[in-house]
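The opening residue of the sequence shown carries number 263 in my numbering; numbering runs sequentially from there.
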Amino acid sequence: TQLCALPGCEENPNVRVCWSMQLGLPADQIAPLPSVSHHECVSGTTYTYTFTHPGEYIVSADLEGSPQSAQATLRNVYARREVRQLTSSEWQAWVDALWALATTSTALGRARFTCPSGRQEDYHEHAYFVMIHGALSANSTCDQLHFSMMQEFAHQGWNTMLERAMQCVDPSVALVWWNEAADRRNFGDDDADDVSASLLNSPIWSNEYMGGRANYEASATNPHAYVQNGKFA
Numbered sequence: 263t264q265l266c267a268l269p270g271c272e273e274n275p276n277v278r279v280c281w282s283m284q285l286g287l288p289a290d291q292i293a294p295l296p297s298v299s300h301h302e303c304v305s306g307t308t309y310t311y312t313f314t315h316p317g318e319y320i321v322s323a324d325l326e327g328s329p330q331s332a333q334a335t336l337r338n339v340y341a342r343r344e345v346r347q348l349t350s351s352e353w354q355a356w357v358d359a360l361w362a363l364a365t366t367s368t369a370l371g372r373a374r375f376t377c378p379s380g381r382q383e384d385y386h387e388h389a390y391f392v393m394i395h396g397a398l399s400a401n402s403t404c405d406q407l408h409f410s411m412m413q414e415f416a417h418q419g420w421n422t423m424l425e426r427a428m429q430c431v432d433p434s435v436a437l438v439w440w441n442e443a444a445d446r447r448n449f450g451d452d453d454a455d456d457v458s459a460s461l462l463n464s465p466i467w468s469n470e471y472m473g474g475r476a477n478y479e480a481s482a483t484n485p486h487a488y489v490q491n492g493k494f495a
């Protein structure tokens, strides 16, 4: 992020500005945050800084050798985007983070990665989320994930936990979503015998993204329709 000490990002190389960043705790948040602060004096009135944790930052710019100073509060937030809005490098980072959950145990992940929330217990291996879905769906008292209005809240919470685990691996990633309505409009054939199969024309089900065209139907060589192509094959 480029920060500017002067209006319009006007550059003045003849002065030195001391920049300070401090991660603050919003008034409505009680969860603990990691201690994040940064201070650096540079020549010129523009400065580039990478905000590594989500939250509100108090940013100060002080003109060296002068009482002139300015302060502002910046919010660094995650944006969940439709998967095709990600650049190729952003999508690959997302894929790599999910694969890390699939191949790194909970114990090893909590020792290896640093969760941006400051809570190492946010990291869980992928099998943990599979277990939650299976155990709660098959609860002997009743389905705990798909019961009436519970479905939306349960899956939102479940996916938020997955997102936080992925961010332990790579703090730059956030959950993505798929615009099925647009694909149904652009690629779907409501007159087809198999409407779902017509959606396979969408790039989402290509080898670049989720795959699926190669394993949509079971075959003699793949009777259980295992994923054979795409980023998660």
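From the three backbone atoms N, C-alpha and C, an ideal C-beta is built for every residue, glycine too.
- In the three-state DSSP reduction, E318 falls in the strand class (E or B).
- Counting only residues of its own chain and dropping the five nearest sequence neighbours on each side, A267 has a CB closer than 6 Å to the CB of V279, T307, A323.
- With contacts defined by Cβ atoms closer than 7 Å, Q382 and R374 do not form a contacting pair.
- Listed in chain order, the alpha helix (DSSP H) runs fully inside the region 361-421 are 368-374, 388-399, counting runs of at least 4 residues.
- When the Cα atoms are used, N491 and Q429 turn out to be separated by approximately 25 Å.
- Counting C-beta atoms within 10 angstroms of its own C-beta, S379 has 16 or more neighbours from the protein chains shown and is therefore classed as buried.
- Looking at the DSSP output, L265 bridges to Y309.
- Taking a cut-off of 8 Å on C-beta distances, the region 413-429 does not touch the region 460-477, as fewer than three cross pairs fall below it.
- If you draw a 10 Å sphere on the C-beta of M472, you find 16 or more other C-beta atoms in it, and that means buried.
- The region 434-446 makes contact with the region 336-352; the number of CB pairs closer than 8 Å reaches 3 or more.
- In the structure shown, Q330 falls within a coil segment according to DSSP collapsed to helix, strand and coil.
- In the DSSP assignment, R278 falls within the beta strand (DSSP E) that extends over 278-286.
- In this structure, L336 lies near Y319, with their beta-carbon atoms less than 7 Å apart.
- For the pair S464 and F449, the CB atoms are nearer than the 7 Å cut-off.
- By the neighbour-count definition (other C-beta atoms within 10 Å, threshold 16), D456 is an exposed residue.
- For F449, the enclosing alpha helix (DSSP H) begins and ends at 442-449.
- Counted as a single uninterrupted DSSP element, the alpha helix (DSSP H) harbouring A459 occupies residues 457-460.
- Comparing C-alpha distances from V298 to each of E387, Q284, F415 shows the shortest one belongs to Q284.
- For E425, the three-state secondary structure derived from DSSP is helix.
- If you draw a 10 Å sphere on the C-beta of L363, you find 16 or more other C-beta atoms in it, and that means buried.
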